[in-house]
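Report on the following structure.
Residue numbers (the numbering used here), protein chains in the order written: chain A, 2 to 230; chain B, 3 to 474.
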């Protein structure tokens, strides 16, 4: 390989010794202190109701959503969205928390997570982030990353009590429950979009045209959802 | 692509005369700025975030060697590889070698400005690979054989009809492309097969996280994730200034990035990539390579232009620049346009090549006012002008005028006399209208506007009179 490691680091060190003439004096903190302390910067204020803030942000991101009290209501919401978007076959992430849901016989659902063939997919988010209206999805054997991107329609189930406040809460959760980090952690905020043609927004550029979130108040087993199966 | 920054003046004239370009610019004019303003107004914490972001970048830059080494250690611990490139040529060689190792044919690419900077597409094509841009805007300019004209909206200079013509010429399909929807759908369709058949995926990075060895990438289309997940190898191209200490720090910058760029609160897809696929993963690349590119950045770090390394490539300075708004990106002649480009291009290619760029600014200050990391762009532009003058590179005419002015300014009485003569002459020429339609020697300037005439006396004279009035 043509590796310039010594050259680049040497040049950086020489530059730092020299100092940018007009550069602001560095904060007194050392890298060690910063990496240990993880100082948190300013956070946008959230409304009094975290879930309402989350669903407001979902609306703003052009995602659609349903709130389900039970798993029965949740699978019914999935069925309705699939039907209204013209899909009779669902491909779901092969995840125990999804398999154990009370799927009605009227729903044709495969748990094999072959994303390449999925046009309407069902998957499970590990967290919701109220601040941004994002879903946090981790690459795992049960939840392949491509399932989040290749289908036309993505239906995402999320335990209501897995909605956290800010990005920082998500980072903390990842360190506590997903360490070392999975290959890919996707923060998905609304359907795919582009404004590259005359700056006019079009949904469904390369990823899903429709993102529907089903918030499930009870019965979607968060503890299973939160463990790498 | 070769720089044409040296012929900036000609580029500008061509851009102003290009009616298609002016139509495209008119159509999008103000859109980004309005959306940004709304996003900033909706976030009372914006200024506090700006201050925090600046502090994060300054801290990281002051310890850049340590954070880069920390990042490298973590990438390696996660099963990835870090490559270091001192120059654009070195970065190209590394990428080509990695593609050869993978036995690649087709190489998909997410949008990467460093990739443009090192001209990776041309190098890939010359080495026998097929580079495919996957961001719709980048794909359009790739088909057109052009550079992006905006760092976040690469095809902003193209009208819908231009794009439809390009698609018809390259896709060989006979579909109606009479709406933006139809164009996007055709691109999605054509690109899907290319995503699935790619051997290597190249993306940029918005941030590198030292603490976890992660790469943070934002896109709205989802093309970055498909590029990074489908092929056998994911190569990340990143400037060395992209590193931040922790995910918390990346989060602060993310709160500013999309709001400053498109006015979105958050980009549709924000992904944290860490290492290659795990043994039991169902998808993802087997190899994860990060190429850290210096290409002039360490020199900036040790110079009076260090603050430029705070840049997070949001494009806000372009969207608020009256010069950019009039001529668009191609006139700047290289990869980085607008105020940030007018600083970066001379630093990367030299003032001899890009000496006109720092002068192509009214120094109105909007760029600094909207910069999410508070880069003092007008100050840096002025500093480049100073260097240009000190090195004897300023144009002869401007040197003569400045020398004349300096000679006068050092002789206050003479200065007052000459200026008094000048303002009286201009006021007399302007007559009762108070405006001049034509000024000898400035025909270009007055072609599209009138010169307001001075008030008939110099500032110093007015000041003296006012003081005398007060004394009475």
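Built from N, CA and C at the ideal position, the CB exists for glycine as well.
Determine the chain A residues that contact residue 10/B at a beta-carbon separation under 7 Å, and present them in chain order.
Contacts between residue 10/B and chain A, judged by CB atoms closer than 7 Å, are missing: the closest CB pair is about 26 Å apart.
DSSP-derived helix/strand/coil call for residue 400/B:
Note: residue 400/B maps to helix in three-state DSSP.
What would DSSP say about residue 325/B, mapped onto helix, strand or coil?
Correct three-state label for residue 325/B: helix.
Under the assumption that residue 58/B contacts residue 255/B (Cβ atoms under 8 Å), give the Cβ distance between them as a whole number of angstroms.
Between residue 58/B and residue 255/B, the beta carbon gap of about 7 Å places them in contact (Cβ cut-off 8 Å).
Which of helix, strand or coil DSSP assigns to residue 6/A
Helix at residue 6/A.
In chain order, what residues of the same chain have a beta carbon less than 8 Å from the beta carbon of residue 70/B, not counting five sequence neighbours either side?
If you ignore the 5 residues before and after residue 70/B, its C-beta comes within less than 8 Å of the C-beta of 212, 242, 245 and 294, all in its own chain and listed in chain order.
Quick check: is the beta carbon of residue 174/A nearer than 7 Å to any beta carbon in chain B?
No - not a single Cβ of chain B is within 7 Å of the one on residue 174/A.
Reduced DSSP category for residue 73/A - H, G, I as helix; E, B as strand; rest coil
Three-state result, residue 73/A: helix.
How about residue 42/A: is its C-beta nearer than 7 Å to some C-beta of chain B?
For residue 42/A, the answer is yes, since a Cβ of chain B falls inside 7 Å of its Cβ.
Hey, how far is the Cα of residue 209/A from the Cα of residue 195/A?
Cα-Cα distance, rounded: 12 Å.
Once you ignore the five residues that flank residue 484/B on each side, which residues in its own chain have a CB closer than 6 Å to its CB?
Residue numbering for chain B in the displayed model covers 3 to 474; residue 484/B lies beyond these limits and cannot be assessed.
Closest to residue 133/A by CA distance: which of 208/B, 107/B and 45/B is it?
Nearest of 208/B, 107/B and 45/B to residue 133/A, Cα basis: 45/B.
Where does the unbroken beta strand (DSSP E) through residue 129/A begin, and where does it stop?
For residue 129/A, the uninterrupted beta strand (DSSP E) run begins and ends at 128-130, by DSSP.
Enumerate in chain order the residues of its own chain whose CB-to-CB distance from residue 340/B is below 6 Å, with the five nearest sequence positions on each side excluded.
Counting only Cβ-Cβ distances below 6 Å, and skipping sequence neighbours, we find 319, 320, 323 and 326.
Checking the sheet assignment: what are the DSSP bridge partners for residue 213/A?
DSSP lists 65/A and 156/A as partners of residue 213/A.
Is the stretch 382-397 of chain B touching the stretch 328-346 of chain B in the sense that three or more CB pairs, one from each, lie closer than 8 Å?
By the criterion of at least three beta-carbon pairs nearer than 8 Å, the stretch 328-346 of chain B is in contact with the stretch 382-397 of chain B.
Candidates 11/A, 104/A and 62/A: closest to residue 265/B by CA position
Residue 265/B has its Cα closest to that of 62/A, out of 11/A, 104/A and 62/A.
Is there at least one Cβ from chain B nearer than 7 Å to residue 22/A's Cβ?
Confidence in residue 22/A is poor, its pLDDT being 48 and thus under 50, which makes the residue's placement unreliable; the coordinate value appears in the next sentence. Chain B contact via Cβ: present.
Can you have a look at residue 210/B and say buried or exposed, based on whether 16 or more other CB atoms are within 10 angstroms of its CB?
Buried, by the Cβ-count rule.
Residue of 459/B, 349/B and 261/B minimising C-alpha distance to residue 47/B
Closest by alpha carbon: 261/B.
Taking 7 Å as the CB-CB cut-off, is residue 22/B touching chain A?
It does not: the Cβ of residue 22/B has no partner Cβ on chain A nearer than 7 Å.
Identify the contact partners of residue 247/B in chain A, using a Cβ-Cβ distance below 7 Å as the criterion.
Per Cβ cutoff of 7 Å: 32, 35 and 36.
Can the beta-carbon of residue 414/B be found closer than 7 Å to that of residue 387/B?
Taking 7 Å as the cut-off, the beta carbon of residue 414/B is found no closer than this to the beta carbon of residue 387/B.
Quick one: Cα of residue 72/B to Cα of residue 65/B, how far?
C-alpha of residue 72/B to C-alpha of residue 65/B: approximately 11 Å in a straight line.
Interface flag, residue 268/B vs chain A, CB-CB below 7 Å:
So, interface residue.
May I ask which residues mark the beginning and end of the beta strand (DSSP E) holding residue 2/B?
Missing from the structure shown is residue 2/B; chain B here goes from 3 to 474 and no further.
Who are the Cβ neighbours of residue 456/B in its own chain at under 7 Å, not counting the five residues just before and after it?
Cβ neighbours of residue 456/B beyond the five flanking positions: 425, 428 and 429.
Could you tell me whether the Cβ atoms of residue 184/A and residue 286/B are closer together than 7 Å?
The Cβ atoms of residue 184/A and residue 286/B sit closer than 7 Å to each other.
Per DSSP, which residues does residue 203/B bridge with? Please list them.
As DSSP reads the structure, residue 203/B sits in a beta bridge with 110/B and 236/B.
Check the Cβ of residue 224/B against every Cβ in chain A and list those closer than 7 Å, keeping chain order.
Residues of chain A with a Cβ closer than 7 Å to the Cβ of residue 224/B are, in chain order, 150, 193, 206, 207 and 208.
Should residue 68/A be flagged as near chain B, meaning a C-beta pair shorter than 7 Å?
No, no contact with chain B.
Flag this pair as yes or no: are the beta carbons of residue 108/A and residue 70/A separated by less than 7 Å?
Residue 70/A sits away from residue 108/A, with the two beta carbons spaced by 7 Å or more.
Grab me the residues of residue 185/B's own chain with a C-beta within less than 8 Å of its C-beta, minus the 5 sequence neighbours each way, in chain order.
Contacts found: 162, 165, 166, 169 and 179.
Would you mind working out which of 96/A, 126/A and 41/A sits nearest residue 112/A, comparing C-alpha positions?
Residue 112/A has its Cα closest to that of 96/A, out of 96/A, 126/A and 41/A.
On a CA-only basis, which of 132/B, 102/B and 149/B is nearest residue 120/B? Give me that one, please.
Of the listed residues, the one whose Cα sits closest to residue 120/B is 149/B.
Cα separation between residue 39/B and residue 280/B?
So the two alpha carbons sit approximately 43 Å from each other.
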